[in-house]
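Per the working numbering, the sequence shown runs over residues 30 to 523. A virtual CB, placed ideally from N, CA and C, is assigned to each residue, including glycine. Note that the structure is predicted; figures quoted are calculated from it, not measured.
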Amino acid sequence: MPRIPDERPLNPKPQVIDELQRLLPADSVLTTAAELAPYECDGLTAFVQRPMVVALPSTVEQVQDIMRLCHRLGVPVVARGAGTGLSGGALPLADGVLLSLAKFNRILAIDPDNLTATVQPGVRNLAISEAAAPRGLYYAPDPSSQIACSIGGNVAENSGGVHCLKYGLTVHNILKLKLIGVDGELFEVGADALDSPGLDLLALMTGSEGMLAIIVEITVKLLPKAERAQALLAAFDDVEQAGAAVAQIIASGITPAGLEMMDNPAIRAAEDFVHAGYPTDAAAILICELDGFNAEVSYEVMRVRELLLAAGATDVRTARDDAERLIFWKGRKAAFPAVGRISPDYYCMDGTIPRKELPTVLNRIAELSDQYGLRVANVFHAGDGNLHPLILYDANIPGELDKAEDLGGEILELCVRVGGTVTGEHGVGVEKLNQMCVQFNSDELSQMHAVKAAFDPDGILNPGKAVPTLHRCAEFGAMHVHHGQLKFPDLPRF
30 MPRIPDERPL NPKPQVIDEL QRLLPADSVL TTAAELAPYE CDGLTAFVQR PMVVALPSTV
90 EQVQDIMRLC HRLGVPVVAR GAGTGLSGGA LPLADGVLLS LAKFNRILAI DPDNLTATVQ
150 PGVRNLAISE AAAPRGLYYA PDPSSQIACS IGGNVAENSG GVHCLKYGLT VHNILKLKLI
210 GVDGELFEVG ADALDSPGLD LLALMTGSEG MLAIIVEITV KLLPKAERAQ ALLAAFDDVE
270 QAGAAVAQII ASGITPAGLE MMDNPAIRAA EDFVHAGYPT DAAAILICEL DGFNAEVSYE
330 VMRVRELLLA AGATDVRTAR DDAERLIFWK GRKAAFPAVG RISPDYYCMD GTIPRKELPT
390 VLNRIAELSD QYGLRVANVF HAGDGNLHPL ILYDANIPGE LDKAEDLGGE ILELCVRVGG
450 TVTGEHGVGV EKLNQMCVQF NSDELSQMHA VKAAFDPDGI LNPGKAVPTL HRCAEFGAMH
510 VHHGQLKFPD LPRF
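Structure below.
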């Protein structure tokens, strides 16, 4: 049962900090303004909030002690991995504990016989594949931030990557989680086997954005490296033709390992940054990677080349070797930082649509860009319809951030209207709470709150994230007379 509110201290700050300092080493409790500043936002830097205190545990027992303390005092807890998230999922609270799992950075076991790795949540995504490489194995999900993002954050947001079309999202590539509940209890979901008995709590926890429990250990699936991987790069004079080509490739029965699209602004930015040899005069490019056995890849490369040319590609290049294949991908994976060189600020959106709607949605994004007077660079996982429009703006110009938010809101609601969702892999966080009101009705949201209450009756784990209150949705509905009314009045910003 939820505790009575007046059981909580009126001002828990001194007591929480004193007790944390007894539980943890002195350098693992951060309290000064300078120490707290790096934790005041994640990758969504438009919204900031300095936490009351940052705790940096290094053992499971310490995390349990922290959760027992915060549960007893009713103090909110926000878990944080590498802080690379893009939806404000790790935005702290002024009266809460920011629980950093950065010290949980060990790879505990690589099991080549069972094709698994057991890791702590602070391990970098790329580090898993690097550790497994000597055994001819790798971890498939590869977000563009994989050099920095943590596997715990990937689980919390159900991250994908450029190879998710064939190999799936994080939820398809993990077997077991070890977690700590709101009251400090240690428990497991999933199993070492491919399936586990009972309810599928593993899927429930994946993508739950730190609202249900704290992840302290993860067992991931590993895959053998393919005998051969080869990439093609196709240039198009028309964005709609490039979008249509994606559907034609999938309809042919071929499932590429990755199928990515970039429009001209993104192409130019990436080329200036990485020098990957991209055709800067193209309206759009597609990067298509095929992998598998040698004979299989040879056939599919020829077939995809034919499909691309038939769809209107003006040029199709096939990577001559693995080095050139990696150069093709280097430009795509560097697209986000590259766009940062051509605009003082950018707002990265994340929505998913049915593949057949790509041409329609890209056209509408272009119209919205003109309507708002803000440039949009499009970079996305075309194969599975996961869009990442980058809205370029200048925060130094009054009102531009508001315009960027309004434009982003319209793009997300467009995704819903064509049968898609408001997020593909970045999560909801604080960024998309209003759009959740568009996608889900009150009954559906009430069920989500019921699940939250089952794991966290007092609502202290990452409160105010991912699932909007019905009151918020009612307010949003009242002011949402027309598109472009998104506001976040309750969140501090630069």
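**Message:** Restricting to runs no shorter than 4 residues, where is the alpha helix (DSSP H) found entirely within the region 420-467?
**Reply:** 429-446
**Request:** For the region 256-286, list the beta strand (DSSP E) runs that are entirely contained and at least 3 residues long, ordered along the chain.
**Result:** 257-265
**Prompt:** Comparing alpha-carbon positions, which option in A138, P388, P150 and P41 lies nearest I180?
**Reply:** P150
**Message:** Assuming the contact rule is C-beta atoms closer than 8 Å, P383 and G272 should be a hit. Round their C-beta distance to whole Å, please.
**Reply:** Between G272 and P383 the Cβ distance is about 12 Å, and since that is not below 8 Å, they are no contact.
**Request:** Please classify Q476: is it buried, with 16 or more other beta-carbons within 10 angstroms of its beta-carbon, or exposed?
**Result:** exposed
**Prompt:** With a Cβ-Cβ cutoff of 9 Å, do C466 and C502 count as a contact?
**Reply:** yes
**Request:** Sort D351, G282 and V107 by Cα distance to G412 and report the nearest one.
**Result:** If we check each option's Cα against that of G412, G282 comes out closest.
**Prompt:** Could you give the C-beta distance for L319 and V326, rounded to a whole number, given that I count them as a contact under 8 Å?
**Reply:** 5 Å
**Prompt:** Quick one: what does DSSP say I176 is sitting in, helix, strand or coil?
**Reply:** coil
**Prompt:** Is it right to say L137 is buried, meaning 16 or more other beta carbons lie within 10 angstroms of its own, or is it exposed?
**Reply:** Answer is exposed; the Cβ neighbour count stays below 16.
**Prompt:** Applying the criterion that 16 or more other CB atoms from any shown protein chain within 10 Å of the CB defines a buried residue, is L120 buried or exposed?
**Reply:** buried
**Message:** Here's the rule I'm using: 16 or more other beta-carbon atoms within 10 Å means buried, otherwise exposed. How should Y168 be labelled?
**Reply:** buried
**Message:** In this structure, how does DSSP classify R354 when only helix, strand and coil are distinguished?
**Reply:** helix
**Prompt:** Going straight from the alpha carbon of V218 to that of G227, what length do you get?
**Reply:** Rounded to the nearest angstrom, the gap between the Cα atoms of V218 and G227 is 10 Å.
**Asked** Just how far apart, CA to CA, sit A406 and M378?
**Response** Straight through space, the alpha carbons of M378 and A406 are spaced by roughly 11 Å.
**Prompt:** Between S225 and T145, what straight-line distance do the alpha-carbon atoms span, to the nearest angstrom?
**Reply:** 16 Å
**Item:** Reference P41; option with closest CA among E64, V82 and P67
**Value:** V82
**Enclosing alpha helix (DSSP H) for T389 [first to last residue]** = DSSP places T389 inside the alpha helix (DSSP H), whose first and last residues are L387 to Y401.
**Prompt:** Where P373 and A222 are concerned, what is the direct C-alpha to C-alpha distance, given to the nearest angstrom?
**Reply:** 48 Å
**Message:** Suppose contacts are defined by Cβ-Cβ distances below 9 Å. Is A232 in contact with V275 by that definition?
**Reply:** no
**Asked** Is the Cβ-Cβ distance between V368 and A312 less than 9 Å?
**Response** no
**Asked** Can you tell which of R393, L53 and A352 has the C-alpha that lies nearest to the C-alpha of R446?
**Response** Nearest Cα to R446 within the set R393, L53 and A352: R393.
**Message:** My output table needs one value for L194: the three-state DSSP class, helix, strand or coil.
**Reply:** helix
**Item:** Residue-chain proximity (P43, chain C), Cβ-Cβ < 9 Å
**Value:** No chain C appears in the structure shown, which is made up of a single protein chain.
**Request:** Since I believe M240 is in contact with N491 (beta carbons under 8 Å), could you give me their beta-carbon distance rounded to a whole number of angstroms?
**Result:** 5 Å
**Prompt:** Taking the beta strand (DSSP E) that N293 falls in, what are its first and last residues?
**Reply:** In the DSSP annotation of this structure, N293 is not part of any beta strand (DSSP E); the continuous alpha helix (DSSP H) holding it starts and ends at N293 to V303.
**Request:** Quick one: using the 10 Å Cβ neighbour count with 16 as the cut-off for buried, is Y307 buried or exposed?
**Result:** Residue burial annotation: Y307 is buried, with at least 16 other C-beta atoms found within 10 angstroms of its C-beta.
**Asked** Y375 bridges to which residues according to DSSP?
**Response** L421
**Message:** Considering only the alpha carbon of each residue, which of K254, R361, D344 and E300 lies closest to G321?
**Reply:** K254
**Item:** Start-to-end residues for the beta strand (DSSP E) that takes in R346
**Value:** D344 to T347
**Prompt:** Name the DSSP bridge partner or partners of Y167?
**Reply:** L252
**Message:** Can you look up P34 in the DSSP assignment and give me helix, strand or coil?
**Reply:** Confidence at P34 is low in this model, with a pLDDT of 38, below 50, so the placement of that residue should be treated as unreliable; the coordinate-derived value is given next. The answer is helix: DSSP assigns P34 an H, G or I state.
**Message:** Using a Cβ distance threshold of 8 Å, determine whether the region 342-360 contacts the region 395-410, with at least three qualifying pairs required.
**Reply:** no
**Asked** Per DSSP, what kind of secondary structure is E181 in: helix, strand or coil?
**Response** As written in the sequence, residue 181 is Gly, which differs from the Glu given in the question. Correct three-state label for G181: helix.
**Request:** Let me know the secondary structure DSSP gives I244 once reduced to three states.
**Result:** strand
**Request:** Starting from S129, follow its DSSP beta bridges and name the residues at the other end.
**Result:** Bridge pairing for S129: R109 [DSSP].
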